[in-house]
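Numbering (UniProt numbering), first residue to last: 1 to 464.
Quick reminder that beta carbons are idealized off the backbone N, C-alpha and C, glycines included.
Below is one structure, written out as structure tokens; comments come after it.
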Ligand code: BGP
């Protein structure tokens, strides 16, 4: 392979405030901070987000490392629980404002475009306890208040904004599959929460258009796409796959880009008596406030088959994923350490889907990556991790991405998850994804082989 990417392509990496900063001097707790306080045994190795990768204290050194590996753009998030002093009054914490100002300036000084996301799974716990979190539309209003502060304070220098990271993961984690606090299983609530998140996102887009101080400013949403591939061409498997696509991908994709929810999915919600509560004013607001561009996270495909038990004969409580089952395709290529399938061609399929079905809106790969545990195994005597497997993983995905761009996909960048090994919700520090390793005991950070390789890719705009 020897391919060249378009001019000004974003070569970068993504992290989030709660996974990199650590809790230092944070005024409020988010749902993960709280969950760790009350049930530390629920966390891998009983390790919570207390220190993360210490970005709060070491952002200057970390940004030097990011520069060294050629990143021209980095996504992180501003933490709602750090920036705000009082969520309802809309007052800010001055120390946090200084911190985020310094971080943004440090990125800019080093030629790195700061890409700012406003919500990365970090709902303030007080807003869950008082109002039920995302179950409440009022919490969405408070989120807009926080976003407004961010635009007011930082949009003179930040041009790239995103409302939410992976809202579908919030829905699944909090209300379906129990990997986020409040750890509830409730299908109808999950549907309402999904709607409330989309509404909060559209309101934030509207506020941005009123308050942004930068003529170059744009706003989008970051969605995780898991393209479904049916187990066979049978009518039943195809129906299951289409349904999975509507629920998992199209719900936020369509509403954010076209301003409508997928009609056939709405028909199912109505038929099943689980239609979300919405007003016609809200639907108009969603319709009128679609995004400028998208970030799309892609890790793995979704192999789908018709459900073993017919959805209509299910006697258990209603769940939005009762219309399809997971399918373990024989011979699929697995990443043993994380358990996710590796299927680089899906990035091409996503690009073509965006081109053909979403008006070829501008987008970038906002996360892609390979989680590997016990990476010390691959450390050479000089202390550098020789992660050839990660280089191969990125090369293969970039091959398909390049092919899609050559065929007209409107993709302007590629971000790896993540610049520096960081803390993760589900596995603490077990799976390492970064270009830069981090010894969590000493916080010594060392560039991996992939980091040096990526510096060359970024410099030449070429992948060999
Ligand atoms: C994405 C999240 C990230 C990150 C990543 C890796 O879904 O946006 O926050 O954590 O997944 O997954 P994990 O950390 O669970 O291995």
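Take the Cβ of residue 553 as the centre, count every other Cβ of all protein chains shown within 10 Å, and call the residue buried at 16 or more, exposed below.
With the chain covering only 1 through 464, there is no way to say anything about residue 553.
Cβ of residue 300 versus every heavy atom of the ligand BGP: is any distance shorter than 7 Å?
Mapped onto the chain shown, residue 300 falls at position 300. No, the beta carbon of residue 300 sits no closer than 7 Å to any heavy atom of the ligand BGP.
I need the straight-line Cα distance from residue 205 to residue 289, nearest angstrom please.
Here residue 205 refers to the residue found at position 205 when the chain shown is read from its first residue. Here residue 289 refers to the residue found at position 289 when the chain shown is read from its first residue. Cα-Cα distance, rounded: 6 Å.
Is residue 287 helix, strand or coil when you go by DSSP?
If you number the chain shown from 1, residue 287 lands on position 287. Helix.
Relative to the C-alpha of residue 24, which candidate in 339, 99 and 378 has its C-alpha closest?
By one-based count along the chain shown, residue 24 stands at place 24. The shortest C-alpha separation from residue 24 is found at 99.
Spell out a yes or no on whether the region 256–268 and the region 225–238 are touching, meaning 3 or more CB-CB pairs, one atom from each, closer than 8 Å.
Judged by pairs of C-beta atoms under 8 Å, the region 256–268 does not touch the region 225–238, as fewer than three such pairs exist.
Do you know offhand how far residue 311's Cα is from residue 317's?
Sequence index remark: in the chain shown, residue 311 carries index 311 (1-based). Sequence index remark: in the chain shown, residue 317 carries index 317 (1-based). Cα to Cα, the separation comes out at about 11 Å.
For the region 122–137 and the region 27–38, state whether three or more C-beta atom pairs, one from each stretch, are separated by less than 8 Å.
yes
Would you decide whether residue 367 is buried or exposed? Buried here means 16 or more other CB atoms lie within 10 Å of its CB.
Translated into the one-based positions of the chain shown, residue 367 becomes position 367. Answer is buried; the Cβ neighbour count reaches 16.
Using beta-carbon positions only, say whether residue 1 and residue 395 come within less than 8 Å of one another.
Working through the chain shown from its first residue, we reach residue 1 at position 1. Working through the chain shown from its first residue, we reach residue 395 at position 395. For residue 1 and residue 395, yes; Cβs fall inside 8 Å.
Could you give the first and the last residue of the continuous beta strand (DSSP E) run that contains residue 231?
Here the question's residue 231 lines up with position 231 in the chain shown. Per DSSP, residue 231 lies in no beta strand (DSSP E) segment and is marked neither H nor E.
On the CB-based measure, 16 or more other CB atoms within 10 Å of its CB, does residue 48 come out buried or exposed?
In the chain shown, residue 48 corresponds to position 48, counting from 1. The residue is buried, with at least 16 neighbouring Cβ atoms inside 10 Å.
Between the region 15–31 and the region 392–411, do at least 3 Cβ pairs fall closer than 8 Å?
By the Cβ test, the region 15–31 is not in contact with the region 392–411, since fewer than three Cβ pairs between them sit closer than 8 Å.
Which residues in the same chain have their Cβ closer than 7 Å to the Cβ of residue 54, if we skip the five residues on either side of it in sequence?
Taking the chain shown and counting its residues from 1, the one referred to as residue 54 is at position 54. Only 22 and 443 meet the Cβ criterion.
Is the region 192–199 touching the region 134–145, taking contact as three or more C-beta pairs under 8 Å?
yes
Going straight from the alpha carbon of residue 85 to that of residue 70, what length do you get?
Within the chain shown, the letter at position 85 stands for residue 85. Within the chain shown, the letter at position 70 stands for residue 70. Between residue 85 and residue 70, the C-alpha separation is close to 36 Å.
Would you say residue 218 and residue 293 are within 8 Å of each other, going by their C-beta atoms?
Sequence index remark: in the chain shown, residue 218 carries index 218 (1-based). Sequence index remark: in the chain shown, residue 293 carries index 293 (1-based). In this structure, residue 293 lies closer than 8 Å to residue 218 by Cβ.
Would you kindly work out how many angstroms separate the C-alpha atoms of residue 259 and residue 253, rounded to a whole number?
Working through the chain shown from its first residue, we reach residue 259 at position 259. Working through the chain shown from its first residue, we reach residue 253 at position 253. Each residue's Cα considered, the two are about 9 Å apart.
Mind checking which residues open and close the alpha helix (DSSP H) that includes residue 423?
Taking the first residue of the chain shown as position 1, residue 423 is located at position 423. Run containing residue 423: none; DSSP gives neither H nor E here.
I'd like the list of long-range same chain contacts for residue 296, defined as Cβ closer than 7 Å, with 5 residues on each side in sequence excluded.
The count along the chain shown starts at 1 and reaches residue 296 at position 296. For residue 296, where only same-chain residues beyond five positions count, the Cβ hits under 7 Å are 223, 225, 350, 363, 365 and 366.
Alpha carbon to alpha carbon, how far is residue 257 from residue 152?
Here residue 257 is taken as the residue at index 257 of the chain shown, counted from 1. Here residue 152 is taken as the residue at index 152 of the chain shown, counted from 1. Roughly 25 Å between the two C-alpha positions.
Using alpha carbons as the reference points, say which of 270, 180, 418 and 238 lies closest to residue 188.
Counted from its first residue, the chain shown places residue 188 at position 188. Comparing Cα positions, the closest option is 270.
What does a CB cutoff of less than 6 Å around residue 3 pick up in its chain, not counting 5 residues either side in sequence?
Start at 1 with the first residue of the chain shown, and residue 3 comes out as number 3. For residue 3, where only same-chain residues beyond five positions count, the Cβ hits under 6 Å are 402 and 463.
To test your reading of the DSSP string, which unbroken beta strand (DSSP E) runs of 3 or more residues are found completely within the region 410–461?
411–417, 436–439 and 444–447
Counting only runs that start and end within the region 211–270, where is the beta strand (DSSP E) found for 3 or more residues in a row?
218–224 and 228–230
Hey, is the region 326–345 in contact with the region 178–186, meaning 3+ C-beta pairs nearer than 8 Å?
no
In the structure shown, what three-state DSSP assignment does residue 277 receive?
Counting from 1 along the chain shown, the entry for residue 277 is found at position 277. It is coil, neither helix nor strand.
Where are the alpha helix (DSSP H) runs, 4 residues long or more, that stay fully inside the region 33–93, in chain order?
List check, alpha helix (DSSP H) in window: 55–68 and 80–83.
Mind checking who residue 293 pairs with in its DSSP beta bridge?
Here residue 293 corresponds to residue number 293 of the chain shown, with the count starting at 1. Per DSSP, 220.
In the DSSP output, what is residue 334 paired with across the bridge?
Your numbering for residue 334 matches position 334 in the chain shown. Partner(s): 341.
Should residue 380 be counted as a contact of the ligand BGP given a C-beta to heavy atom distance under 7 Å?
In the chain shown, the residue the question calls residue 380 occupies position 380. It does not: the Cβ of residue 380 is nowhere closer than 7 Å to a heavy atom of the ligand BGP.
From the DSSP output, read off the bridge partner residues of residue 501.
With the chain covering only 1 through 464, there is no way to say anything about residue 501.
Helix, strand or coil for residue 23? Go by DSSP, reduced to three states.
Taking the first residue of the chain shown as position 1, residue 23 is located at position 23. Residue state, collapsed to three classes: coil.
With a CB to CB cut of under 6 Å and the five nearest residues on each side skipped, what residues in its chain are close to residue 275?
Your numbering for residue 275 matches position 275 in the chain shown. Cβ neighbours of residue 275 within its own chain (closer than 6 Å, five residues either side excluded): 269.
Would the beta-carbon of residue 53 be found less than 7 Å away from any heavy atom of the ligand BGP?
To locate residue 53, count along the chain shown from 1; it is residue 53. No, since every heavy atom of the ligand BGP falls outside the 7 Å radius drawn around the Cβ of residue 53.
Quick one: Cα of residue 116 to Cα of residue 161, how far?
Position 116 of the chain shown holds residue 116. Position 161 of the chain shown holds residue 161. Whole-angstrom Cα-Cα distance: 5 Å.
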